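Protein chains in written order, with this note's numbering: chain A, 868 to 998; chain B, 7 to 203. Structure record follows, encoded as structure tokens.
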């Protein structure tokens, strides 16, 4: 029992204090091939959530990719078939973009600051594991 | 050479060599704006220029074009954008001549060429405004994915419109799209990269 508590405490300490490192800072959303055809057939296809949460230094590059056969307005950009749109963020803030892909006509991107070591980093890791 | 000095020299060499090596390997530093990959040719158009002549986008090849959509009665977004672009252009020094700002109206009802000329010149005399028939302007907006919608405002009307700024390189390729609100330094950074590429 004591060993288990020790392991949990060590894991929590690591999660709170270890530097956050990631292989890629891209947060990718892709429009799959056939999306336009599905929409034309009356299927309500939602690819981008109305709000996207990013974290500086972790996943602070919004990468939108159009794999469909027709141009698509995706987030803030008109993206051609086979084209990508890569938008980096350097300042923590809430950004609003006109986006015709959403019923509200708006896409919100919330960029959070890099979690500080300690409780913020621990909470961030927990949220990410639970996602 | 003392060990500390040698270590400092080595570190300095590494810091100096790594960016050059990355550049030589084709890994250009990323733009601050949202970049398109691969870039496509910027959709061409001919509109009435604020200088009294026809404004054809493809005639601006050889310059980096910063293009935004807006209107002269815009209460906040357009003046901020144009002031930012003017500041960015000023900060470029001798490279400023290689940059052309184009402001395309979304309100042709009120923005004729003369109104546009007076408006854009207040920010920078080199700026060009573009206006035209509503259907011609709508076609240009569609080709760039720009939206504009007339909304009631006080006794008159306003226009809700996309606020991004398009970055077109010297070969006429639509390279990037900067979201509204970015700093003049971000524009200057990206223009320098586009001029160097």
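Virtual Cβ for every residue (Gly too), placed ideally from N, Cα, C. A quick note: this is a predicted structure, and the numbers were derived from the prediction, not measured.
Comparing the CB of residue i with every heavy atom of the ligand GTP, is any distance shorter than 8 angstroms?
i: residue 987 of chain A; result: Questions concerning the ligand GTP fall outside what the structure shown contains, since it holds no ligand whatsoever.
Report the residue from the options whose alpha carbon sits nearest the alpha carbon of residue i.
i: residue 926 of chain A; options: A/902, A/934, A/959 and A/874; result: A/959
i: residue 142 of chain B; options: B/43, B/38 and B/53; result: B/53
i: residue 93 of chain B; options: B/140, B/148, B/132 and B/175; result: B/132
i: residue 201 of chain B; options: B/128, B/100, B/120 and B/88; result: B/100
i: residue 890 of chain A; options: A/934, A/953 and A/924; result: A/924
i: residue 120 of chain B; options: B/112, B/137 and B/36; result: B/137
i: residue 39 of chain B; options: A/956, A/948 and A/894; result: A/956
i: residue 61 of chain B; options: B/177, B/152 and B/123; result: B/123
i: residue 899 of chain A; options: A/878, A/869 and A/935; result: A/935
i: residue 205 of chain B; options: B/75, B/203, B/37 and B/114; result: Absent from the structure is residue 205 of chain B, since the part of chain B shown begins at 7 and ends at 203.
i: residue 163 of chain B; options: B/50, B/79, B/44 and B/37; result: B/79
i: residue 175 of chain B; options: B/43, B/59 and B/71; result: B/71
i: residue 190 of chain B; options: B/90, B/135 and B/127; result: B/90
i: residue 140 of chain B; options: B/85, B/117 and B/103; result: B/117
i: residue 972 of chain A; options: B/154, B/144, B/45 and B/128; result: B/154
i: residue 37 of chain B; options: B/125, B/186 and B/181; result: B/181
i: residue 111 of chain B; options: B/102, B/85 and B/96; result: B/85
i: residue 177 of chain B; options: B/203, B/128 and B/193; result: B/203
i: residue 929 of chain A; options: A/940, A/938 and A/953; result: A/953
i: residue 991 of chain A; options: A/879, A/874, A/961 and A/872; result: A/879
i: residue 977 of chain A; options: A/989, A/985, A/964 and A/969; result: A/964
Looking at chain A, is there any beta carbon in it that lies within less than 9 angstroms of the beta carbon of residue i?
i: residue 166 of chain B; result: yes
i: residue 203 of chain B; result: no
i: residue 74 of chain B; result: no
i: residue 153 of chain B; result: yes
i: residue 150 of chain B; result: yes
i: residue 183 of chain B; result: yes
i: residue 46 of chain B; result: yes
i: residue 36 of chain B; result: yes
i: residue 93 of chain B; result: no
i: residue 178 of chain B; result: no
i: residue 40 of chain B; result: yes
i: residue 13 of chain B; result: Residue placement at residue 13 of chain B is poorly supported in this model, since its pLDDT is 46, which falls under 50; the coordinates are not used for a value here.
i: residue 55 of chain B; result: no
Would you verify that the beta carbon of residue i is, or is not, closer than 9 angstroms to some beta carbon of chain B?
i: residue 952 of chain A; result: yes
i: residue 967 of chain A; result: yes
i: residue 946 of chain A; result: yes
i: residue 929 of chain A; result: yes
i: residue 957 of chain A; result: yes
i: residue 940 of chain A; result: yes
i: residue 896 of chain A; result: no
i: residue 987 of chain A; result: no
i: residue 943 of chain A; result: yes
i: residue 924 of chain A; result: no
i: residue 909 of chain A; result: no
Considering only DSSP beta bridges, list what residue i is partnered with.
i: residue 920 of chain A; result: A/977
i: residue 171 of chain B; result: B/74 and B/184
i: residue 111 of chain B; result: B/76
i: residue 166 of chain B; result: B/155
i: residue 932 of chain A; result: A/897 and A/951
i: residue 964 of chain A; result: A/974
i: residue 136 of chain B; result: B/55 and B/110
In this structure, does DSSP put residue i in helix, strand or coil?
i: residue 950 of chain A; result: coil
i: residue 77 of chain B; result: coil
i: residue 37 of chain B; result: coil
i: residue 997 of chain A; result: helix
i: residue 141 of chain B; result: helix
i: residue 191 of chain B; result: helix
i: residue 942 of chain A; result: coil
i: residue 158 of chain B; result: strand
i: residue 44 of chain B; result: strand
i: residue 959 of chain A; result: coil
i: residue 897 of chain A; result: strand
i: residue 61 of chain B; result: strand
i: residue 116 of chain B; result: coil
i: residue 106 of chain B; result: strand
i: residue 52 of chain B; result: strand
i: residue 179 of chain B; result: strand
(message) Check whether the region 181-199 of chain B and the region 57-69 of chain B are in contact - that is, three or more C-beta pairs closer than 8 angstroms.
(response) No: the two stretches stay apart, fewer than three of their Cβ pairs being nearer than 8 angstroms.
(message) Three or more C-beta pairs under 8 angstroms: does that hold for the region 936-955 of chain A against the region 146-156 of chain B?
(response) yes
(request) Would you be able to state if there are at least three C-beta pairs under 8 angstroms between the region 881-888 of chain A and the region 901-910 of chain A? (result) no
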